[in-house]
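Some notes on the structure that comes next.
Residue numbers (this note's numbering): 2 to 378.
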């Protein structure tokens, strides 16, 4: 029964959009959380420089020492954290880091808290590992921030919390994150920080600024614009490094060598990556202005990431968010993600709009959504 996980609905939406494009239709992609920009020029140049002289075979399981040191230096620059590179584990994207963390910190059958709404693959990976995901509902009127008291009282062996959150873009303040870590007590606390670097006011706070007794997961996919390279990392307490190493040796051998080399270049691409963030900021402005004009007026401004989460309970009629998303794709040529992906209980009345693509695409998508709303009456 472990394999009987729910589908990753956004991937199904992507396939439906692909079929529509193959049939000759123009589709605006607001469904997937994937930057429209390539890997940074410095990342591509770094890899190009070694392709003809390096066989790019296996690396050690924990990752290239130079990359681990570079990631540790990133924590000093971004957060003022003095991080021992020995605690950094390079992974095949954040997905591999979730597998490693869940395997290392929880025994089969353990109950693990996940925020709802939240990233759907948490639930699927936990179930596939014979773990029991336990929904911890958040409320729109509280900015979808998990209540520390709810975590403290939850019957779970630990929890995973994301800031900025997917799909809401909600960020946690230092005090709120500290309260959640305190509420977890001696239970495992996993902080998903994959959207760090994508903020539109104050920067996000890392759990490592508060405690060393946490597991932090991040990736080069979002801010660094390297989704398909499948390269990420995790930071674990020193006592857990060898456990994670043994698991990584057997599960993955190592992260892709070529992607690790490119990631070294990406760490040096601050100007290019901050320019990408400026594009997302403009896209965010356009969506927050345009979505209400297209009938999606129950939204909360996101603090970070590149998503807007909308309450569409007044628009779904006799259907649900999946039905509405299919109608929008069919009639407007805009791909959006049903909220059922992120909240299996309440997601039938929500949609997620991604603004990770070009500003021209976002403007065209808004125009199409406005036309769809007008035609729908």
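Just so it is clear, CB atoms sit at the ideal spot from N, CA and C, and this is done for glycine as well.
**Item:** Cβ neighbour criterion (16 or more within 10 Å) applied to residue 294
**Value:** exposed
**Request:** Could you check which residue in 193, 159, 247 and 350 has the C-alpha nearest to that of residue 223?
**Result:** 193
**Prompt:** Who are residue 30's beta bridge partners in DSSP?
**Reply:** 336
**Request:** Could you tell me whether the region 244-253 touches the region 7-23, where touching means 3 or more Cβ pairs closer than 8 Å?
**Result:** no
**Length of the line joining the Cα atoms of residue 186 and residue 153** = C-alpha of residue 186 to C-alpha of residue 153: approximately 8 Å in a straight line.
**Request:** Using the Cα positions of residue 173 and residue 31, report the straight-line distance between them to the nearest angstrom.
**Result:** 25 Å
**Prompt:** In or out: residue 69 buried (at least 16 other Cβ within 10 Å) or exposed?
**Reply:** buried
**Asked** When DSSP builds the beta bridges, which residues end up paired with residue 312?
**Response** In the DSSP output, where bridge partners are listed per residue, residue 312 has 351.
**Request:** For the beta strand (DSSP E) containing residue 190, list its first residue and its last residue.
**Result:** 189-193
**Prompt:** What separation, rounded to the nearest whole angstrom, lies between the Cα atoms of residue 62 and residue 207?
**Reply:** 25 Å
**Prompt:** Is it true that the CB of residue 118 sits closer than 8 Å to the CB of residue 348?
**Reply:** Between residue 348 and residue 118, the gap from beta carbon to beta carbon is short of 8 Å.
**Asked** Mind checking residue 44: buried by the 16 CB within 10 Å criterion, or exposed?
**Response** buried
**For residue 300 and residue 97, the rounded distance between their alpha carbons** = 32 Å
**Asked** Nearest to residue 310 by alpha carbon, out of 179, 289, 266 and 332?
**Response** 289
**Request:** Just the C-alpha distance for residue 171 and residue 53, rounded to the nearest angstrom, thanks.
**Result:** Approximately 44 Å between the Cα atoms of the pair.
**Asked** What span of residues does the alpha helix (DSSP H) with residue 277 cover, start to end?
**Response** 271-294
**Request:** State the Cα-Cα distance for the pair residue 220 and residue 366, rounded to the nearest angstrom.
**Result:** Approximately 28 Å, taken between the alpha carbons.
**Asked** Out of 88, 259, 13 and 230, which has the shortest C-alpha to C-alpha gap to residue 246?
**Response** 88
**Prompt:** Where DSSP assigns a beta bridge to residue 160, which residues make up the other side?
**Reply:** 114 and 190
**Neighbourhood of residue 125 by C-beta, 6 Å cutoff - its chain only, sequence neighbours within 5 removed** = 6
**Request:** For the alpha helix (DSSP H) holding residue 152, just list the boundary residues, first then last.
**Result:** 149-154
**Prompt:** Are there 16 or more other CB atoms within 10 angstroms of the CB of residue 346, so buried, or fewer, so exposed?
**Reply:** With fewer than 16 Cβ atoms within 10 Å of its Cβ, residue 346 is classed as exposed.
**Request:** Starting from the C-beta of residue 155, find all residues in its chain whose C-beta is less than 7 Å away, skip the five residues before and the five after it, and write them out in chain order.
**Result:** Excluding the 5 residues flanking it on each side, residue 155 has same chain C-beta neighbours closer than 7 Å at 114, 135 and 137, in chain order.
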